[in-house]
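Read the structure below first, then the notes.
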Amino acid sequence: MPVLEMSKPGGRQGRAEGSKRRGAARPRGERRADATQGPLLALEPHTPVLAREAIELLDPQPGQRVVDCTFGWGGHARLLAERLGRTGALVAIDRDPLSEERFAQLSREVGCQMRFIRSGYAEALDRLAAEGFRADAVLFDLGTSSMQLDTRERGFSYSYDAPLDMRMDPGSEPSARTLLAEIDEPRLARILREYGEERYASAIARAIVRRRELEPLRSTQELVETICQAIPAPARFAAGHPAKRTFQAIRIAVNDELGQLDRALPRAWDLLLTGGALAAIAFHSLEDRRVKRFLAERARGCICPPDLPVCACGREPEAALLSRRAIVPSAEEIAANPRASSARLRAARKLRPGDAR
Numbered sequence: 002m003p004v005l006e007m008s009k010p011g012g013r014q015g016r017a018e019g020s021k022r023r024g025a026a027r028p029r030g031e032r033r034a035d036a037t038q039g040p041l042l043a044l045e046p047h048t049p050v051l052a053r054e055a056i057e058l059l060d061p062q063p064g065q066r067v068v069d070c071t072f073g074w075g076g077h078a079r080l081l082a083e084r085l086g087r088t089g090a091l092v093a094i095d096r097d098p099l100s101e102e103r104f105a106q107l108s109r110e111v112g113c114q115m116r117f118i119r120s121g122y123a124e125a126l127d128r129l130a131a132e133g134f135r136a137d138a139v140l141f142d143l144g145t146s147s148m149q150l151d152t153r154e155r156g157f158s159y160s161y162d163a164p165l166d167m168r169m170d171p172g173s174e175p176s177a178r179t180l181l182a183e184i185d186e187p188r189l190a191r192i193l194r195e196y197g198e199e200r201y202a203s204a205i206a207r208a209i210v211r212r213r214e215l216e217p218l219r220s221t222q223e224l225v226e227t228i229c230q231a232i233p234a235p236a237r238f239a240a241g242h243p244a245k246r247t248f249q250a251i252r253i254a255v256n257d258e259l260g261q262l263d264r265a266l267p268r269a270w271d272l273l274l275t276g277g278a279l280a281a282i283a284f285h286s287l288e289d290r291r292v293k294r295f296l297a298e299r300a301r302g303c304i305c306p307p308d309l310p311v312c313a314c315g316r317e318p319e320a321a322l323l324s325r326r327a328i329v330p331s332a333e334e335i336a337a338n339p340r341a342s343s344a345r346l347r348a349a350r351k352l353r354p355g356d357a358r
C-alpha cells in the first residue's frame, strides 16, 4: 500500500514508503443545484462534478483536516486544498497509479499539507483509523473518473476498441478479460442483473459463455459485438448504448466497487470529528441507495412504536442531513459536462449526543 508522507505547503511531496445519459426526468426526492452562481469548472482533463455544491456542504475551514477518498485527477482535491490554507491538511486516496502521478504535481501547486495513499479507500481508511487520524470532512466521488474512461488502453469504455481490462488498479486481479474467461454462466448473469440492472442479463451471459468456447474475449469491441448479438434488435436501437449496463456491471465486479463502499462508509463516519461532514457523489442508483440508506440510518432518532407515550429506546440521531433531497447538477453544468447528468450528491454532519434535541 504505497503511501506518501504529508508534504509541506507548496513543497515537494513526501517520499514513498512502498511501491453518463442526458435529458432523463429527475426522480422525486431530488433537488437541482442552484445555477445562479454557475458550476465550478476546472480547466483539467477531468472536470469535477457538483464541485461548488460539495465544497459548500463540507465547508472546510483553514487549519482543518480533510480526506478525499477518490482523488482521481484532483479536481475536488484542489478546491478543498484552497480552503484549508497552509495550516490545513488533505489526505488523498486512490488506487490508480495515474492519480498518484497527478498528486505529485498537485502537491507542489497548493498551499496545504498533502498526503497520498495508493489503495482502495476502505483499506486506506482502516490505516488512518489505526494511526489515530481524525478528520473534519470526508468526500467520496464514486464511480469511474473521466481520466480512466478517456485512457483507452484501460478498457473502461464501450465507445472504442481497447484491451478488455477495466481495473482501477492495473496491478490487481482479476481483469475483465480474466473474469469473463473464468466465471460460470449463472454467476455472470447475476452480476449483470444486480450490478447493471440489465434486463437481458441471462441472454448476454449465455452469449458470452458461448463466445469464449470458440475463442477468449480479448477486447472491448468483441464484448460489445457479443452483447449486441444477444439482445433483441429493437433494444439495440433504444435510448443509450446497448452495452452500457453490462460494462457497468463488469467494472463494478472487477473492482469490488460496492463492497468497497459498504466497508468504507462506516469507517469514514468513525473517522469524523464531532461537527465534521461526510459527502458522497454517486452516479448510479446502486451507489446512491447505499449512501442514502447509510446517512438516513444515522439521522434517525427514536425507533419506539408510535403509540408508546415515552421513548424507551434512548436512541438519538448521530447525524443531521445537510440536504433533504439528493442534489443534482444544474442544467448549465450538464450542458458544459454531459457526464455529470446522472450525479447525485448527499451529505450529513456528525452530531454531538443531545444536539438533535
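In our numbering, the protein residues as written are 2 to 358. The C-beta atom is built at its ideal place from N, Cα and C for all residues, glycine as well. Note that the coordinates shown come from a computational prediction; the quantities given were computed from them, not determined experimentally.
The beta carbons of alanine 208 and glutamine 230 sit about 6 angstroms from each other, so the pair counts as a contact at 8 angstroms. Judged by DSSP secondary structure, aspartate 69 falls within the beta strand (DSSP E) whose first and last residues are 66 to 69. Burial check for valine 111: the Cβ neighbour count within 10 Å reaches 16 or more, so the residue is buried. DSSP, reduced to helix, strand and coil, places methionine 167 outside both helices and strands of the structure shown, so it counts as coil. Following the DSSP letters along the chain, one finds leucine 180 inside the alpha helix (DSSP H) bounded by residues 177 to 183. Between glutamate 317 and alanine 280, the alpha-carbon positions lie close to 21 angstroms from each other. Under a 10 Å Cβ-count criterion, glutamate 216 is classified as exposed, with fewer than 16 other Cβ atoms of the shown protein chains found around its own Cβ.
Comparing C-alpha distances from leucine 81 to each of Ile253, Thr227 and Phe141 shows the shortest one belongs to Phe141. Here the alpha carbon of glutamate 334 sits roughly 34 angstroms from the alpha carbon of isoleucine 232. Between serine 176 and methionine 167, the C-beta gap is smaller than 8 angstroms, which places the two residues in contact. Restricted to the region 200 to 250, not a single beta strand (DSSP E) segment is unbroken, complete and at least 3 residues in length.
In this structure, the CA atom of leucine 99 is about 52 angstroms from the CA atom of proline 306. Under the three-state reduction of DSSP, arginine 96 is assigned to coil, being neither helix nor strand.
Scanning its chain for C-beta atoms nearer than 7 angstroms, with the 5 sequence neighbours on each side dropped, one finds around arginine 301 the residues Pro318, in chain order. Note on leucine 58: 16 or more other CB atoms within 10 angstroms of its CB, so buried under the neighbour-count rule.
Cβ contact annotation for leucine 322 (same chain, cutoff 7 angstroms, sequence separation greater than five): Leu296, Ala300 and Ala349, in chain order. Pairing alanine 190 with valine 210, the inter-Cα distance amounts to about 11 angstroms. In terms of Cβ geometry, valine 68 and valine 139 form a close pair [threshold 8 angstroms]. Per DSSP, reduced to three states, the secondary structure at isoleucine 192 is helical. Close CB contacts of phenylalanine 284 within its chain, under the 7 angstroms cut and outside five residues either way in sequence, are with Lys21, Leu143, Gly144, Ser343 and Ala344 (chain order). Runs of beta strand (DSSP E) with 3 or more residues, each lying fully within the region 308 to 350, are found at 320 to 322 and 327 to 329, listed in chain order. Alanine 55 is positioned such that its CB atom lies no closer than 8 angstroms to that of leucine 259.
For glycine 197, same chain residues with a beta-carbon under 6 angstroms away, outside a window of 5 residues either side, are Arg246, Thr247, Gln249 and Ala250 in chain order.
For the options Glu186, Gly133, Pro187 and Ala327, the alpha carbon positioned closest to that of aspartate 271 is the one of Gly133.
It is roughly 11 angstroms from the alpha-carbon of alanine 204 to the alpha-carbon of arginine 194. With contacts defined by Cβ atoms closer than 8 angstroms, aspartate 151 and serine 220 do not form a contacting pair. Partner residues in the beta bridge of leucine 273, as assigned by DSSP, are Ala136.
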